[in-house]
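Since the structure comes first, as structure tokens, the remarks are kept for the end.
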Amino acid sequence: MTRTALPAVLLPLLLSACQAPPTSPRPTDQLPFMGSWDCGVTTMTFTPTDYLPSNDAQPIKIRKFSTQNRVTTMTLDDGAVIQVQWQNDNRITWLSQSTGDSFDCSRVAG
């Protein structure tokens, strides 16, 4: 029986293939609304892992994303469900399924 040694250059490739997936719930290129938004009464911020309902609020972890027809539904760590309808690079509509509130928002930072 003959043993074949793998070239050392393959070891990092094999190890990287076995690593855990990224911690972000979704790749940021699939979340075009990432960043900060002026919604009139508040400025909201979205990151790939957190939602900040205002500049003074603590971040709330996003547990789950679901996107269909330019509408992303997010389930937050506190159990709230919010939706963001992406209009274009500079406009979104935000909706709370918990309270029924909705806001038309414009981008303030990317």
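Each position in the sequence shown, counted from 1, maps to that position plus 3 in our numbering.
Glycine included, C-beta positions come from ideal geometry on N, C-alpha and C.
None of the values given here were measured: they were computed from a predicted structure.
Secondary structure of residue 79 (DSSP, three-state): strand. The shortest C-alpha to C-alpha distance from residue 59 to any of 44, 110 and 73 is the one to 44. Considering only 86, 81 and 51, the residue with the shortest C-alpha distance to residue 71 is 86.
Per the coordinates, the alpha-carbon of residue 75 lies some 6 Å from the alpha-carbon of residue 88. Residue 50 is bridged by DSSP to nothing; it lacks a bridge partner.
Only exposed fits residue 62, as fewer than 16 other CB atoms lie within 10 angstroms of its CB.
Distance from the CA of residue 91 to the CA of residue 110, rounded to the nearest whole angstrom, comes to 10 Å.
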